[in-house]
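Using my numbering, you'd call the opening residue of the sequence shown number 10 and step up by one each time. Ideal Cβ positions, reconstructed from N, Cα and C, are used throughout, including at glycine.
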Amino acid sequence: VAAKENIESREGKFRFSAERMGPTVLAGSITTAGSSAVMFACQLTVFNKMATLIVLTIVCSMVYALFWFLPFCYLFGPEGDTGQWTVLFKASKSEKQNEDVLTESASITI
C-alpha cells in the first residue's frame, strides 16, 4: 500500500505504517485483551488460565510489534523497490522470457 502512495524512503514507510496500521492494530489488541479480561471474573480455573494466556499473548505481541519490529523497520527496513512482490514477479517474468528466447535460438541453430 505504501508503494501505491509513492513512498520510497524508509522513514516515510515507517510513518505510513505507524499512522495507518498502528491505530487499527492497537484497537484490535485492546478489544481482544479486554474481552478476554472478562474471564478473570470467572470462578473456573480453566477460564482464568485462558484469560491469562490470551492477555499475556496480546501484551507480548504489542510490545514486540511497537517497540521492536517498528523501530527495526525504521533502522533496517526496505527502501525504494526492495521487498515489493510486483518487482520480483516482473524480474522472474523477464528472466523466463529471456530463457524462452535463448531456448528458441538454441533450437534454431541446432
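{"query": "Taking the Cβ atom as the reference point for each residue, do Ser38 and Ile67 lie within a distance shorter than 7 Å?", "result": "yes"}
{"query": "For Ser70, which residues from the same chain have a beta carbon less than 8 Å from its beta carbon, with the 5 sequence-adjacent residues on both sides left out?", "result": "Ser38"}
{"query": "Should Arg19 and Gly86 be called a contact, given that it needs their Cβ atoms to be closer than 7 Å?", "result": "yes"}
{"query": "So for Leu35, helix, strand or coil by DSSP?", "result": "helix"}
{"query": "To which residues of the same chain is Glu17 closer than 6 Å at the C-beta, ignoring the five residues directly before and after it?", "result": "Gly89"}
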